[in-house]
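Below you'll find the structure, written out as structure tokens, and then a few comments.
4 protein chains.
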Amino acid sequence: MSIPYGIPLTLEQAQRAAAAAEAEALRNGWPVVIAIVDCGGNLVLLHRMNDAQIGSIEIAQAKARTANNFRRPSKEFEEQVAGGGAGLRTLGMLGVAPLEGGLPILLEGKIVGAIGVSGVRSFQDAQIAQAGIEALSTPS
Amino acid sequence: MSIPYGIPLTLEQAQRAAAAAEAEALRNGWPVVIAIVDCGGNLVLLHRMNDAQIGSIEIAQAKARTANNFRRPSKEFEEQVAGGGAGLRTLGMLGVAPLEGGLPILLEGKIVGAIGVSGVRSFQDAQIAQAGIEALSTPS
Amino acid sequence: MSIPYGIPLTLEQAQRAAAAAEAEALRNGWPVVIAIVDCGGNLVLLHRMNDAQIGSIEIAQAKARTANNFRRPSKEFEEQVAGGGAGLRTLGMLGVAPLEGGLPILLEGKIVGAIGVSGVRSFQDAQIAQAGIEALSTPS
Amino acid sequence: MSIPYGIPLTLEQAQRAAAAAEAEALRNGWPVVIAIVDCGGNLVLLHRMNDAQIGSIEIAQAKARTANNFRRPSKEFEEQVAGGGAGLRTLGMLGVAPLEGGLPILLEGKIVGAIGVSGVRSFQDAQIAQAGIEALSTPS
């Protein structure tokens, strides 16, 4: 939560992350939408894979913005909702998609943006997003 | 979830479905709005029956878009909400109307659009929508 | 401008107008969207003919609402814009589509709704809308 | 205006067009956003090049949707506005971005989607979009 924002990721980095995410999705036969925002919360890349459901275009972006703008995996908000009680207030938080599948992208300890994936079950979306993240921590 | 999108349904097909749905609604004395979108999520037909409530104009469209854009009966989202716990996250999904009464329209195994009905109790809305669907699977 | 609103038109009347409008459109090979609102400005019927452009879905509704909510043919607003000068203020009028092709529907001297057509050249749109209007003034 | 919609373009086709558009942009040192929608008007791909202005994220999408949803180069609407007089009504058309730089993508005589570019001068945006279009008409 105290992770600072860094320098916005580049299109090249976004493409590298998207390519790895798409490879993971294709390996599993999962048609998804992949969205990547920079640390200003603004869209850098969106790819809708063939046969991905149309509704995921907005959801993927919402997950990515949630992860970047609140500097945490969007899953944390899903868990707050799932916990019930006061956690339900999360549903009233403007700009929060309480759905697993959005992850901040860190480089050298700073948030440079986030990736959001939507289209299959949300833990599968997250698995795809994680593959995208890992492509950026590996020397290219 | 893996049902592919097909070729957009025609106005004639939409009218055939709407006529059957309206007949089912009239038979029961249920004043409703019927909306049909194509597989791009764009409106093809909307009929507001006499005495249907105004609010249903938007709800019927939202149910139809939910069914098409997420490729499943909108009832699935209603059930997720009803189930509580993590299912409540559905309330934070952009573009989802978690309300029974929206059904994808399939032709030859592909989604060609969807029908959404609103105006009476949601299981009754769904009954009307189902009558519309069946008119398209019957040889005309 | 001082024409009073009457009793909202029925779905049957809207369908009669739409059928005549569609016949006129088909006769000319013009793929359009036809929208009909009641005198509350709320949608009663929308038909998107095959091959009509997607953008016309919103435009047809906007023309119909303009004609009903301002109780005049939408062409009047187009002419104000075309006249330049102070007429350009029309572009800042909320809820006005300054586009020919929207016509109020009168029954017994009162406005019961309006029809809006979009998809071809705007004077052609208006010709189609007029055909719809005339179907309601003819004994059925 | 009477060009029919066809089958939605694929992500591979969108990526091929985007790569060619980006190459043209890089060759000229023009940082832009490139958006590609399918023929349902739904986003398939968005790339924001490094140093592209944030405002272009929405404009590029609006140009692409204009070109697809109204089945013509968005430049036509810009020219209507520039012509003054009645052409100014274009500013009141919902869903129209009257800005050069959006082009329909045709395959085998049908519209399969559209490309929109924003970030530099609008005729330069159009030059980039055109490069994207040409990549799809060349055998890969």
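Protein chains in written order, with my numbering: chain A, 1 to 140; chain B, 1001 to 1140; chain C, 2001 to 2140; chain D, 3001 to 3140.
Don't be surprised by glycine CBs; every beta carbon is placed ideally from N, CA and C.
Just so you know, the alpha carbons of ALA2114 of chain C and ILE2105 of chain C end up roughly 5 Å apart. Segment contact: the region 3043-3062 of chain D against the region 2007-2019 of chain C, fewer than three CB-CB distances shorter than 8 Å; contact not assigned. Within chain D, no C-beta atom comes nearer than 8 Å to that of GLY1102 of chain B; the closest sits roughly 18 Å away.
Under a criterion of Cβ atoms nearer than 7 Å, no residue of chain B is adjacent to GLY2132 of chain C; the nearest Cβ is some 15 Å distant. About 5 Å separates the beta carbon of ILE1128 of chain B from that of VAL1117 of chain B, a gap short enough to meet the 8 Å contact definition. Taking 8 Å as the cut-off, the beta carbon of ALA2126 of chain C is found closer than this to the beta carbon of LYS2075 of chain C. The alpha-carbon of PHE3077 of chain D is positioned some 35 Å away from that of GLY119 of chain A. For PRO104 of chain A, DSSP records a beta bridge to A:ALA114. Restricting attention to A:ALA21, A:ARG27, A:GLY95 and A:GLY29, the CA atom closest to the CA of ILE59 of chain A is found in A:GLY95. When C-alpha distances from LEU3026 of chain D are compared across D:ASN3042, D:GLN3124 and D:MET3093, the shortest belongs to D:GLN3124. At a beta-carbon threshold of 7 Å, none of the residues of chain D lie near GLY1116 of chain B; the nearest stands roughly 17 Å away. Near chain B, meaning a CB-to-CB distance below 8 Å, the residues of the region 82-103 of chain A are ALA82, GLY84, LEU88, THR90, LEU91, VAL96, ALA97, PRO98 and LEU99.
Here DSSP, grouped into helix, strand and coil, assigns ALA3135 of chain D to helix. Contact check for LEU1099 of chain B and LEU88 of chain A: beta-carbon distance about 19 Å, past the 8 Å limit, so the pair fails to qualify. With 16 or more neighbouring CB atoms inside 10 Å of its own CB, ALA21 of chain A falls in the buried class. In this structure, D:ARG3071 is the residue among D:SER3122, D:ARG3071, D:MET3093 and D:VAL3044 with its C-alpha nearest to the C-alpha of GLY3109 of chain D.
Taking CB atoms only, GLY2055 of chain C has a neighbour in chain D less than 8 Å away. In the DSSP assignment, LEU3099 of chain D falls outside any beta strand (DSSP E), carrying neither H nor E. Chain A has a Cβ within less than 8 Å of the Cβ of GLY1041 of chain B.
Check the Cα spacing between GLU2134 of chain C and each of C:GLY2085, C:THR2010, C:LEU2011 and C:ALA2019: the tightest is with C:ALA2019. When DSSP assignments are scanned along the region 1005-1065 of chain B, the uninterrupted stretches of alpha helix (DSSP H) that are 4 or more residues long and fall wholly within it turn out to be 1011-1028. Taking all protein chains shown into account, ILE2036 of chain C has 16 or more neighbouring C-beta atoms within 10 Å of its C-beta and is therefore buried. Taken through DSSP and simplified to helix, strand or coil, ILE2003 of chain C comes out as coil.
The Cβ-Cβ distance between ALA67 of chain A and LEU103 of chain A falls below 8 Å.
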